[in-house]
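Visitor:
Numbering (the numbering used here), first residue to last: 242 to 448.
1. Counting only the same chain and skipping the five closest in sequence on each side, list residues whose C-beta sits under 7 Å from that of residue 258.
2. Rounding to the nearest angstrom, what Cα-Cα distance links residue 359 and residue 374 in this structure?
3. If you draw a straight line from the C-alpha of residue 242 to the C-alpha of residue 447, how long is it?
4. With DSSP collapsed to three states, give me the class of residue 368.
5. Please confirm if the stretch 406-414 is in contact with the stretch 269-284, defined as three or more CB-CB distances below 8 Å between the two stretches.
6. For residue 385, which of helix, strand or coil comes out of DSSP?
7. For the beta strand (DSSP E) that contains residue 429, what are its first and last residues?
8. Select from 426, 428 and 416 the residue whose C-alpha is nearest the C-alpha of residue 288.
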């Protein structure tokens, strides 16, 4: 009997370093499990405002011991995943334009190269992805026409779809980025849950 191709919904915002780590491995994971990825750009700030406001308090008053470990943990994960993650001078960044552009990139079949370029620009090159000139370069790297993207980003359709994705992940129990669903109902949160996601996808494919 042929294996069923499971679906992996990937709700994500490029302004999250942990999402970058998960993104860097998710395509290989999907290939190993035969999963189809449903890319779902969101605004993680909108998620935090709705269900996880404690994030802002933790950022404003970080615990020094936990903060030291956070830096080490992120560095260890970046090394493990083979990506470069620094400390952007603008953090948190206003990611709304970048994530609206991600919706356009998705429509153009260029979501993956666009997201790679956005993650690298922000976390690797420490550039401000809220700036139009930075987004224009990112689009160039991804093979997208910046004038077209800049125009479509302003459309009600693109704005509404990004907002709808954000509201949907909250409604389905999500509270951050990345949030992943295996076959619509089985939710996982965070980069470190990828082994569990892989196991669930394998089970779904052969169940």
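Think of the CB as a built atom: it goes at the ideal place given N, C-alpha and C, for glycine as much as any other residue. All values reported here derive from a predicted model rather than from experimental measurement.
Guide: Straight from the coordinates:
1. For the purposes of this step, residue 258 is taken as residue 17 along the chain shown, with counting starting at 1. If we look at residue 258 and ignore the five residues flanking it on each side, its Cβ neighbours are 315, 326 and 364.
2. Along the chain shown, one-based indexing puts residue 359 at 118. Along the chain shown, one-based indexing puts residue 374 at 133. Each residue's Cα considered, the two are about 13 Å apart.
3. Residue mapping note: residue 242 aligns to position 1 of the chain shown, counting from 1. Residue mapping note: residue 447 aligns to position 206 of the chain shown, counting from 1. In this predicted model, residue 242 has a pLDDT of only 47, less than 50, meaning its place in the structure is not dependable enough to derive any value.
4. The residue you call residue 368 lines up with position 127 of the chain shown. Three-state result, residue 368: coil.
5. yes
6. As a position in the chain shown, residue 385 is number 144, starting the count at 1. Looking at residue 385 - three-state DSSP - the assignment turns out to be coil, as it is neither helix nor strand.
7. Sequence index remark: in the chain shown, residue 429 carries index 188 (1-based). First-last of the beta strand (DSSP E) with residue 429: 427-430.
8. As a working mapping, residue 288 is identified with position 47 in the chain shown. Nearest C-alpha to residue 288: 416.
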